[in-house]
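The structure under discussion appears below in the form of C-alpha cells.
In my numbering, the protein residues as written are 103 to 280.
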C-alpha cells in the first residue's frame with residue numbers, strides 16, 4: 103500500500119527535523135533510519151513529528167540496548183512453539199485492529215526470562231505491522247487470557263517489561279484488554 107500524501111508530507115518534515123541540531127548531533131544514526139521505520143513511528147503518533155521524535159528517542163536505543171533488532175523465527179523457536187503469545191493475523195476487533203492474545207498459563211519464569219517474552223512480542227508485532235501500513239494506521243489489540251493461570255506462571259518483572267515495551271517503546275497504536 104502506498105503511503106498517503108499526508109504521511110509523505112510528515113515523513114519529509116520528520117527527516118528535516120532529524121537533520122537539525124541538536125537531534126542530528128545527539129542521535130546521528132536517526133538520519134539513516136529507513137522510511138518504513140519512520141512511517142511506522144509517524145503512524146503510531148498520528149503523524150505528529152514532535153511526538154514521533156520522542157518515540158524514536160525511546161524506541162531505537164531500546165532496540166539496541168535489549169538487542170532485539172532483526173529477530174527471526176529461529177531466534178525465538180522455543181517461545182513461538184510455547185504459544186505464550188499468539189498473533190491472530192486474520193482476526194480483527196471492531197475497529198479493525200489486529201489481535202494478539204497472551205496466555206500467561208504457558209509462561210514459566212524458570213524456563214524463560216521476561217526479555218524473551220518482550221522479544222516474542224516485538225517479533226509478532228513486527229510481523230503484523232511492518233508488512234501492512236493499514237494495520238499500522240489502526241493498530242493492534244492485546245488480549246490477556248488469564249484463565250488457568252497460577253502463581254507458578256507469575257514473574258513480578260514480566261508485567262512491567264511487557265507493558266513498558268508496548269506502551270513506551272514499541273511504535274504502534276494499541277489497546278490492551280485484561
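Note that beta-carbon positions come from the ideal geometry of N, C-alpha and C, so glycine has one too.
Only a predicted model underlies this, so the values are computations on that prediction, with no experimental measurement involved.
Around the Cβ of residue 147, a 10 Å sphere holds 16 or more other Cβ atoms; the residue is buried. The Cβ-Cβ distance between residue 161 and residue 271 falls below 8 Å.
CA-to-CA, the gap between residue 125 and residue 152 works out to about 12 Å. Annotation for residue 181: 218, 222 place their beta carbon closer than 6 Å to its own, counting only its chain and skipping 5 residues before and after. Between the region 107 to 118 and the region 191 to 208, the count of C-beta pairs closer than 8 Å stays below three; the two stretches do not touch. Relative to residue 156, the option among 166, 232, 120 whose CA is nearest is 120. Contact check between the region 241 to 256 and the region 196 to 205: three or more CB pairs, one atom from each, fall below 8 Å, which counts as touching. A Cβ-Cβ distance of about 6 Å is found for the pair residue 185 and residue 208, placing them in contact under the 8 Å criterion. The C-alpha of residue 113 is placed about 29 Å away from the C-alpha of residue 264. Nearest to residue 260 by alpha-carbon distance, out of 227, 183, 236, 213, is 213.
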